[in-house]
Structure formats: structure tokens, C-alpha cells
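Student: Handing you this structure, nothing more for now.
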Amino acid sequence: MPIHNADIAAIFEEIADLLEIEGANPFRIRAYRNAARVVGEYGRELGALLGQGADLPKLPGIGADLSGKIREIVTTGHCALLERLRGEVPASVTELLKIPGLGPKKVSALYHDLAVETPEQLLRMAREGRIRQLHGFGEKTEASILQAIEAHGNKARRYPLAAATQYATALLAYLQHVPGVHQVTLAGSYRRRRETVGDLDILVSAVSSSPVMQRFLGYDEVAEILSGGTTRASVILKSGLQVDLRLVEDVSYGAALQYFTGSKQHSIAIRTLAQERGLKINEYGVFQGKTRIAGETEESVYAAIGLPWIAPELREDRGEIEAARAGRLPHLIELADLRGDLHAHTLASDGHDSLRDMALAAQARGLTYLAITDHSSRLKVAHGLDPLRFRRQLDEIDRLNAELAGITLLKGSEVEILEDGSLDLPEGLTDRLDIVIGAVHSHFGLPRAKQTERILRAMDHQRFTLLAHPFGRLINEREPIEVDMQRIIRAARTRGCWLELNAQPQRLDLPDTWCQMAKAEGTLVAVNSDAHGTAGFDDLLFGIGQARRGWLAADDVVNTRSLADLKLLISATM
DNA sequence: GCCGTTTTCGGCCCGACTGTTTTCAGTCG
Numbered sequence: 001m002p003i004h005n006a007d008i009a010a011i012f013e014e015i016a017d018l019l020e021i022e023g024a025n026p027f028r029i030r031a032y033r034n035a036a037r038v039v040g041e042y043g044r045e046l047g048a049l050l051g052q053g054a055d056l057p058k059l060p061g062i063g064a065d066l067s068g069k070i071r072e073i074v075t076t077g078h079c080a081l082l083e084r085l086r087g088e089v090p091a092s093v094t095e096l097l098k099i100p101g102l103g104p105k106k107v108s109a110l111y112h113d114l115a116v117e118t119p120e121q122l123l124r125m126a127r128e129g130r131i132r133q134l135h136g137f138g139e140k141t142e143a144s145i146l147q148a149i150e151a152h153g154n155k156a157r158r159y160p161l162a163a164a165t166q167y168a169t170a171l172l173a174y175l176q177h178v179p180g181v182h183q184v185t186l187a188g189s190y191r192r193r194r195e196t197v198g199d200l201d202i203l204v205s206a207v208s209s210s211p212v213m214q215r216f217l218g219y220d221e222v223a224e225i226l227s228g229g230t231t232r233a234s235v236i237l238k239s240g241l242q243v244d245l246r247l248v249e250d251v252s253y254g255a256a257l258q259y260f261t262g263s264k265q266h267s268i269a270i271r272t273l274a275q276e277r278g279l280k281i282n283e284y285g286v287f288q289g290k291t292r293i294a295g296e297t298e299e300s301v302y303a304a305i306g307l308p309w310i311a312p313e314l315r316e317d318r319g320e321i322e323a324a325r326a327g328r329l330p331h332l333i334e335l336a337d338l339r340g341d342l343h344a345h346t347l348a349s350d351g352h353d354s355l356r357d358m359a360l361a362a363q364a365r366g367l368t369y370l371a372i373t374d375h376s377s378r379l380k381v382a383h384g385l386d387p388l389r390f391r392r393q394l395d396e397i398d399r400l401n402a403e404l405a406g407i408t409l410l411k412g413s414e415v416e417i418l419e420d421g422s423l424d425l426p427e428g429l430t431d432r433l434d435i436v437i438g439a440v441h442s443h444f445g446l447p448r449a450k451q452t453e454r455i456l457r458a459m460d461h462q463r464f465t466l467l468a469h470p471f472g473r474l475i476n477e478r479e480p481i482e483v484d485m486q487r488i489i490r491a492a493r494t495r496g497c498w499l500e501l502n503a504q505p506q507r508l509d510l511p512d513t514w515c516q517m518a519k520a521e522g523t524l525v526a527v528n529s530d531a532h533g534t535a536g537f538d539d540l541l542f543g544i545g546q547a548r549r550g551w552l553a554a555d556d557v558v559n560t561r562s563l564a565d566l567k568l569l570i571s572a573t574m
């Protein structure tokens with residue numbers, strides 16, 4: 001069985017967990033965690049590279065030892081260090097680390113003094129009142145462990161960005177109206193536009209007399225208060241979403257925003273850079289000795305260490321700091337750069353609104369063209385168009401285009417890619433189409449090689465324009481299909497077709513790191529709403545967030561082109 | 001375990017809050 005990067009990352013994570021429980025050197029543990037992250041995010045399969053006899057690329061934070069372990073894992077399928085550690089501490093003990101409030105020291109004490117190996121055993125010990133007898137533990141710790149394990153049933157899930165947005169917007173408005181509040185910003189992974197958020201991080205500045213902390217704790221959506229100090233507080237909302245609030249003075253707002261936006265890895269890298277310059281960065285500012293030299297704005301914080309401001313979406317320690325140093329930060333795409341949308345549905349298949357309403361809604365959002373791409377006939381569940389209904393739709397588009405000014409409808413189809421890679425194109429009507437979107441909606445479980453060949457074959461079709469939602473994943477619901485995306489991205493470049501970044505918040509597919517690869521390979525991406533109703537165009541904002549996380553500039557996105565340029569691009573490959 | 005335009009050894013980001021203590025360790029972000 002081939003070893004994927006995710007497998008290597010999982011092994012390094014488990015090693016880090018076990019080392020932590022053993023009380024190993026924290027920096028050694030960090031090295032394993034860093035390696036897990038770097039390998040997990042790396043765009044090319046290390047196993048495949050080594051299998052082809054290629055050298056392991058130089059990855060940041062991975063030196064001789066970890067390289068050797070990667071080789072060992074790829075060639076033998078396991079790792080001697082991990083086997084040894086598992087012999088010393090049962091692997092199930094690492095599960096205990098996931099319980100809030102339990103870190104390596106406490107887990108180690110529970111294992112060594114009470115022989116606790118599983119959450120179930122821990123629960124029993126807590127109920128018997130034996131936890132409180134351990135040194136360093138007390139009644140409150142025992143009670144919070146009990147509660148945490150019982151709550152573990154509805155386990156800490158991550159919320160899709162769109163869902164979190166609803167809670168965030170309401171809370172933001174509430175806080176902005178508290179007396180004495182100056183600034184309120186949603187920071188954290190929300191500001192970085194990650195596809196899911198684990199919690200909301202809110203930064204506030206206010207006059208010292210402001211009751212903002214009490215008001216936050218008293219917000220009527222609060223179900224539970226986890227902690228509440230004078231400058232920091234954490235609550236859980238009735239929805240289950242955790243919210244952390246941090247209060248700072250205006251003079252520190254930029255430094256606090258930088259710190260509270262993260263990512264953690266990015267912040268560590270920034271602080272290390274500062275250290276090399278004899279500076280110290282904390283959430284109150286940038287300090288030279290005891291003198292604050294920056295911190296009111298984020299720009300001032302970055303400037304103090306010789307960097308331009310870095311967009312939040314890039315702050316993942318994936319090369320943005322090096323790019324900033326070299327003056328090579330991308331000029332990231334913005335919503336206003338989009339001139340059209342190449343994927344939308346109407347009442348004719350599974351949409352909710354008419355052709356005319358969709359056209360007007362797109363126009364109202366500043367778009368100048370919209371491809372109507374209802375489903376092809378084989379997708380019965382979505383009421384795919386048969387040739388008769390298809391012909392009627394094409395005629396109606398002609399009539400609307402003659403009538404409407406300022407928006408042009410393109411004739412398209414979201415065509416089923418069948419199991420063998422052939423396309424479910426409408427008989428006798430293909431020549432009337434401006435655009436053909438190929439999509440996988442069936443046989444998600446094909447083995448990697450077959451799935452890849454299926455898509456490559458579909459893309460070989462002369463009329464193929466665009467691969468819809470390339471991984472077919474649904475966030476928190478359906479895993480991505482097994483496919484060699486690097487090969488597909490390269491084939492698309494050669495073939496002159498494009499990959500979609502589907503903006504539906506539950507899809508956001510192509511994901512960020514693959515957008516980065518598409519850009520590197522010179523393959524164009526289309527940021528499409530896949531709107532099934534007029535409100536669906538609002539999702540473009542989520543797509544843009546993901547595109548920015550993938551380092552995409554307007555030039556990397558095909559639907560920032562004018563309609564004339566777009567048509568030239570399409571005809572060049574047919 | 002990684003890393004180096006002062007370094008191949010000696011560093012490795014920084015602070016708030018809680019609970020168990022009685023000055024601080026552990027956890028978290």
C-alpha cells in the first residue's frame with residue numbers, strides 16, 4: 001500500500017504525543033509536530049518521489065534525522081521509534097491529551113500513578129473520587145475532567161466558516177454597542193478565512209471603564225463560561241461554538257491583532273525574526289528593551305521587522321515570510337476582480353430561480369457574464385436536462401441575451417463524467433454550448449489510478465472547458481475522492497482547460513494548497529458560485545477567501561477576464 | 001530535533017488564566 005504524506009504526518013504526530021507524555025525535550029517534540037505539519041501540507045507525495053528514486057526535497061525544519069525517518073516510513077511502512085514508544089506508553093493514552101484541561105504532565109501522572117489508559121478508565125476514576133487524591137490535582141480538576149469527558153460525546157467539531165459567520169456577525173454587532181468600546185475585530189482562523197473554524201477569536205479595544213468583559217460574559221447566547229479575567233475570557237455559546245475574547249488598549253491593537261490572528265506557526269516565525277533583530281514582540285507591541293517601538297497597527301508591527309504587511313489569508317507559515325522578505329508577496333485577488341461566474345443552476349434542473357432572475361442577480365453583484373450550467377440528463381436526482389428541455393433553455397438564453405443589457409448569459413452544461421471518463425453531453429446540441437463543465441457525481445470510491453484516468457480522459461474531450469469541484473468533498477460530510485491531483489493539474493495546463501474553485505462553503509474545492517500548486521504549474525482556476533438560487537452568488541466571497549489562501553492573484557483566475565478574452569481562451573483550446 | 005552573514009553548541013515566542021498552592025506549575029492560545 002502506498003504511503004501518503006498524511007500517513008507520515010500521523011506517525012510524527014503520534015510520536016510527538018508520546019514524547020510529550022514521556023516528558024521529552026519540548027523542542028524535540030516541537031520538531032516532530034512541525035515536521036507533521038510540513039509533510040502534511042506538502043503538495044507532492046513524498047512516497048511517490050522516493051519511489052521514483054528522486055531525492056527528498058529540502059523541507060523547512062526537516063533535517064537529516066527526520067529525513068531518515070521519512071525514508072524509513074516510506075520503504076518499510078513503519079517507524080522503529082514509534083514502535084518503541086508504543087511499547088513504553090500505550091497508544092490509547094494519547095487520546096487523553098485531547099480532553100480539554102489535560103496536558104502531557106497531567107496525563108503522565110494519571111497513567112503512572114493510576115494506570116489510566118483510556119477515557120473510559122479516567123471517567124471511572126473520576127466518579128470514584130480518586131483523581132483528587134493525586135498530587136497536583138484537586139476537586140475542581142476532577143469535576144472538570146468529568147464534565148469534559150461527558151461532553152466529549154458531542155465532540156469538539158470545527159464549524160464551517162459560513163456557519164460560524166452567522167454567530168460571529170450577531171456577536172460582533174452586540175459588542176460594538178457596548179459603551180466605551182472602540183474597535184472590535186474577528187481574528188483567528190475566521191480572519192484567515194480557513195474553511196472551518198474551531199472557535200471565534202474576538203479582539204476588542206475599549207476605555208478602561210467599559211463594561212465590555214461583563215457584557216460579553218452576559219451575552220444571552222452564552223451557555224457556559226470557561227474563564228473570565230480582566231483582559232481575556234472564554235465562553236461556549238448555546239450552539240456549542242467557543243468564543244475567546246481579548247481586551248487590549250488602542251496603542252496595542254495592531255500587535256494584538258497580529259498575535260490573535262495567527263496562525264500560531266506564523267506568529268512564532270514572526271517573533272523569532274524579531275528576536276534576531278534584538279526586538280521582542282508580544283500582544284502589546286514591538287519592544288526594544290522596554291521601549292515600545294510599534295504596535296498600534298499591524299503594518300507597524302511588520303514594518304518593525306522589515307516586512308510589508310502580510311494578508312491574513314497567507315499567514316500559515318507556508319513561505320509567506322520568505323516571500324515578504326524578497327518582495328514577492330502576491331497581489332491577492334479580491335471579490336471585485338471577478339467579472340463573471342461560470343457555474344450556476346436554474347429551475348430547469350435543481351436550482352430555485354428562473355434564468356432571468358439569476359441573470360439579474362448576477363448583474364446586481366457587478367458581474368458582466370454568467371454561464372448557465374444546469375445538470376446533464378444522466379443526473380436524474382438533480383432533474384438533469386433532456387435534449388428537448390435543453391433546446392428550450394438555449395433558445396430562451398438567446399432571447400434574454402437580446403433583451404438584457406450589461407450582462408451576457410453563456411450557454412453551458414454541468415456534464416456528468418461517467419465511470420469510464422466519457423461525457424454525458426447533450427446529443428445534437430454540443431455545438432451550441434459556450435462552455436462545458438465536467439463533474440464527478442458518482443462512483444466516488446474508485447481506486448486512485450482509475451479515478452485519475454477517468455478524469456484525465458474526460459479532460460481530453462475537445463469541448464471540455466472546466467473541471468467542477470475537483471475533489472468532490474463535502475466539508476465534515478464527505479471525504480475527497482482518491483485522485484492524483486498533481487497529474488490532473490498538469491494535464492489541465494497542457495490541455496488548456498481549467499480547474500474550478502467551487503465557492504459553496506461546504507465545498508471550497510479546489511482547496512487552498514492545491515490552488516497554490518495550480519498557480520505554480522500555470523493552470524488557471526475559475527472561482528465559481530455554483531449558485532442554485534439568486535442568494536447563491538453571496539458564496540463567491542467564501543471562494544475568494546479560499547483563493548487568497550491559495551495565493552491566487554486576479555491573473556490566476558480565469559473569470560477575472562473580460563468576456564472577449566474569456567471567449568478567446570475557450571476557442572484557443574477547442 | 002533543527003539551525004547558523006557574529007554560532008557546529010546552545011539556543012529554541014510569549015503571556016493570561018486556573019487550580020493548587022502559599023509562589024508556581026500546567027494548560028491554552
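For the first sequence, position 327 matches number 327 in the UniProt record's numbering, and the numbering has no gaps at all.
Glycine residues also receive a C-beta, built at the ideal position from the N, C-alpha and C atoms.
Nothing here was measured: the structure is a model prediction, and the numbers come from that model.
Are the stretch 544 to 552 and the stretch 510 to 519 touching, with three or more C-beta to C-beta distances below 8 Å?
Tutor: Touching, yes.
Student: If we ignore side chains and look at the alpha-carbon of each, how far apart do GLU45 and ASN5 end up?
Tutor: In the first sequence, counting from the first residue as 1, residue 45 sits at position 45. In the first sequence, counting from the first residue as 1, residue 5 sits at position 5. So the alpha carbons of these two residues sit roughly 6 Å apart.
Student: Three or more beta-carbon pairs under 8 Å between the stretch 422 to 435 and the stretch 382 to 390, yes or no?
Tutor: Touching, yes, given that three or more Cβ pairs across the two stretches are closer than 8 Å.
Student: Short of 8 Å in beta carbon distance, which residues of its chain neighbour ARG193, apart from the five on each side in sequence? Order them along the chain.
Tutor: Taking the first sequence and counting its residues from 1, one reaches residue 193 at position 193. Cβ neighbours of ARG193 beyond the five flanking positions: LEU161, PRO312, GLU313, PHE542, GLY545, GLN546, ARG548, ARG549.
Student: The alpha helix (DSSP H) that contains ASN5, what's its start and end?
Tutor: Position 5 of the first sequence, counting from 1, holds the residue named residue 5. It spans 5 to 22 - the alpha helix (DSSP H) in which ASN5 sits, taken as one unbroken run.
Student: Do LEU59 and VAL38 come within 7 Å of each other at the CB atom, strictly closer than that value?
Tutor: Here residue 38 refers to the residue found at position 38 when the first sequence is read from its first residue. Here residue 59 refers to the residue found at position 59 when the first sequence is read from its first residue. Going by C-beta atoms, VAL38 is nearer than 7 Å to LEU59.
Student: Could you spell out where the alpha helix (DSSP H) holding ALA170 opens and where it closes?
Tutor: As a first step, residue 170 must be located in the first sequence, where it is residue number 170. Where ALA170 is concerned, the enclosing alpha helix (DSSP H) stretches over 161 to 176.
Student: Are there 16 or more other CB atoms within 10 angstroms of the CB of LYS264, so buried, or fewer, so exposed?
Tutor: Here the question's residue 264 lines up with position 264 in the first sequence. Flag for LYS264 reads exposed.
Student: Tell me the DSSP secondary structure of LEU93 in three-state form.
Tutor: As a first step, residue 93 is located in the first sequence; it is residue number 93 there, counting from the start. Before going further, note that residue 93 is Val rather than Leu in the sequence given. Of the three classes helix, strand and coil, the one that applies to VAL93 here is helix, per DSSP.
Student: Under 7 Å, do GLY295 and GLY254 count as touching if we go by C-beta distance?
Tutor: Locating residue 295 in the first sequence gives position 295, where the first residue counts as 1. Locating residue 254 in the first sequence gives position 254, where the first residue counts as 1. Result yes, Cβ atoms of GLY295 and GLY254 sit closer than 7 Å.
Student: My understanding is that ILE73 touches ILE15, with C-beta atoms under 8 Å, so please give their C-beta distance in whole angstroms.
Tutor: As a working mapping, residue 73 is identified with position 73 in the first sequence. As a working mapping, residue 15 is identified with position 15 in the first sequence. Going by Cβ atoms, the distance from ILE73 to ILE15 rounds to 11 Å, so no, they are not a contact pair.
Student: Measure the alpha-carbon distance for LEU118 versus LEU96 and round it to whole angstroms.
Tutor: The sequence position of residue 118 within the first sequence is 118, counting from 1. The sequence position of residue 96 within the first sequence is 96, counting from 1. Residue identity differs from the one stated: residue 118 is Thr in this sequence, not Leu. Distance between the alpha carbons of THR118 and LEU96 is about 7 Å.
Student: Between the Cα of ASP353 and the Cα atoms of THR560, ALA535, THR94, which residue gives the shortest distance?
Tutor: As a first step, residue 353 must be located in the first sequence, where it is residue number 353. Measuring from the Cα of ASP353, the nearest candidate turns out to be ALA535.
Student: What three-state label does DSSP hand GLN52 in the structure shown?
Tutor: Locating residue 52 in the first sequence gives position 52, counting from the first residue. Three-state result, GLN52: coil.
Student: Using DSSP with H/G/I as helix, E/B as strand and the rest coil, what is LYS140?
Tutor: On the first sequence, position 140 is the one that residue 140 refers to. In the structure shown, LYS140 sits in a helix (DSSP, three-state: H, G or I).
Student: Near ILE8, which residues of its chain fall below 7 Å by C-beta distance, leaving aside the five closest residues on each side in sequence?
Tutor: In the first sequence, residue 8 corresponds to position 8, counting from 1. Counting only Cβ-Cβ distances below 7 Å, and skipping sequence neighbours, we find VAL39, LEU46, ILE70, ILE73.
Student: Just confirm the distance between the C-beta atoms of ILE407 and LEU370, as a whole number of angstroms; I'd bet it's less than 8 Å.
Tutor: By one-based count along the first sequence, residue 407 stands at place 407. By one-based count along the first sequence, residue 370 stands at place 370. Correct: roughly 6 Å between the Cβ atoms.
Student: Run the CB neighbour count on ASN559, radius 10 Å, all protein chains shown included, and call it buried at 16 or more, exposed below.
Tutor: Within the first sequence, the letter at position 559 stands for residue 559. When all chains shown are included, ASN559 counts as buried.
Student: Verify whether the separation of the beta carbon atoms of VAL116 and ILE21 is less than 7 Å.
Tutor: Reading the first sequence from its first residue, position 116 is the one you call residue 116. Reading the first sequence from its first residue, position 21 is the one you call residue 21. Contact flag unset, no.
Student: Could you tell me whether the stretch 239 to 259 touches the stretch 273 to 280, using the rule of 3 or more Cβ pairs below 8 Å?
Tutor: At 8 Å Cβ cutoff, the stretches do not touch.
Student: Does the Cβ-Cβ distance between SER349 and HIS383 come in under 7 Å?
Tutor: Here residue 349 corresponds to residue number 349 of the first sequence, with the count starting at 1. Here residue 383 corresponds to residue number 383 of the first sequence, with the count starting at 1. Contact: yes.
Student: By DSSP, does ILE544 sit in helix, in strand, or in coil?
Tutor: Numbered from its first residue, the first sequence carries residue 544 at position 544. Reduced to three states, the DSSP call for ILE544 is helix.
Student: My understanding is that LEU523 touches LEU501, with C-beta atoms under 8 Å, so please give their C-beta distance in whole angstroms.
Tutor: Sequence index remark: in the first sequence, residue 523 carries index 523 (1-based). Sequence index remark: in the first sequence, residue 501 carries index 501 (1-based). Here residue 523 is Thr; the residue named in the question, Leu, does not match the sequence. So it is not a contact: roughly 12 Å between Cβ atoms.
Student: For the stretch 472 to 535, list the alpha helix (DSSP H) runs that are entirely contained and at least 4 residues long, ordered along the chain.
Tutor: For the stretch 472 to 535, whole alpha helix (DSSP H) runs of length 4 or above, ordered along the chain, are 485 to 495, 512 to 521.
Student: ILE435 bridges to which residues according to DSSP?
Tutor: Taking the first sequence and counting its residues from 1, one reaches residue 435 at position 435. Note: ILE435 sits in a beta bridge opposite GLY412.
Student: Quick one: residues in its chain with C-beta nearer than 7 Å to the C-beta of TRP309, no 5 flanking neighbours on either side, listed in chain order?
Tutor: Locating residue 309 in the first sequence gives position 309, where the first residue counts as 1. So the qualifying residues of the chain are GLU298, GLU299, TYR302.
Student: What does the Cβ neighbour count give for ARG31, buried or exposed, with the cut at 16 atoms within 10 Å?
Tutor: Position 31 of the first sequence, counted from the start, is the residue given in the question as residue 31. According to the sequence provided, residue 31 is Ala. The question's Arg does not apply to it. It is buried - the Cβ of ALA31 has at least 16 other Cβ atoms within 10 Å.
Student: Do ALA126 and ILE145 have their C-beta atoms closer together than 7 Å?
Tutor: In the first sequence, counting from the first residue as 1, residue 126 sits at position 126. In the first sequence, counting from the first residue as 1, residue 145 sits at position 145. Contact flag set, yes.
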